[in-house]
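Sequential numbering of the sequence shown, starting at 5, is according to my numbering.
Every residue gets a Cβ at the ideal spot worked out from N, C-alpha and C, and that includes glycine.
To keep things clear, I will list the structure first and then write my remarks on it.
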Amino acid sequence: METDTKTNVYVIQACQGGPAKIGHSVDVDRRLTEIQPGHPFELQVARLFEGVDPAFESWLHTRFADYRLHGEWFDETVIELIDAKDLRGLFESGRSPWWGEEPGAMHIKKDGYMEPVGEEETG
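Structure (structure tokens):
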């Protein structure tokens, strides 16, 4: 459900890789400076979705639940998965690549690969 309030959903990660934090803030730079002191490595904004519904953050958390390490921190694989699909477009259209029966629907598997819905694994 879209609201009139917009925010920025970010993926923050250490510059050298590793776990990724999915969160939201109106001021992402300020949020990054708040998180940095508690992290042993230099952090960067790895991905940014500007001007989105705040529910997009929760939507991503739900979709990547299998990759959650702790709290809002996820395995770094989520960055590749975010890049593989137009997640913002899917969220805003109300379609889901993971659970729908519409043509082209996809499941995100734990190994990071996408598989069309309804196709059985071979071998």
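Discussion item. Could you check whether Val13 and Phe2 sit closer than 7 Å to each other, using their CB atoms as the reference points?
Written reply: The structure shown has nothing for residue 2, since the chain only spans 5 to 127.
Fill in: CA nearest to the CA of Val82, picked from Gln17, Thr11, Lys10 and Thr9
By 1-based counting over the sequence shown, the position of residue 82 is 78. Just measuring C-alpha positions, the residue of Gln17, Thr11, Lys10 and Thr9 sitting nearest Val82 is Gln17.
Fill in: C-alpha gap between Lys25 and Glu76, whole angstroms
On the sequence shown, residue 25 is found 21 positions in, with the first residue counted as 1. On the sequence shown, residue 76 is found 72 positions in, with the first residue counted as 1. One C-alpha to the other measures close to 5 Å.
Worksheet entry | Under the three-state DSSP convention, the category Gly55 falls into | Along the sequence shown, one-based indexing puts residue 55 at 51. Strand at Gly55.
Worksheet entry | Buried or exposed (CB count within 10 angstroms, at least 16 for buried), Leu52 | Here residue 52 corresponds to residue number 48 of the sequence shown, with the count starting at 1. Looking at its Cβ environment, which holds fewer than 16 other Cβ atoms inside 10 Å, Leu52 is exposed.
Worksheet item: Is Gly22 closer than 7 Å to Glu80 when the C-beta atoms are compared?
Response: For this step, residue 80 is matched to residue 76 along the sequence shown. For this step, residue 22 is matched to residue 18 along the sequence shown. Yes, they are a contact pair.
Worksheet item: Would you report the Cα separation of Thr11 and His74, rounded to the nearest angstrom?
Response: For this step, residue 11 is matched to residue 7 along the sequence shown. For this step, residue 74 is matched to residue 70 along the sequence shown. Their backbone Cα atoms lie some 23 Å apart in a straight line.
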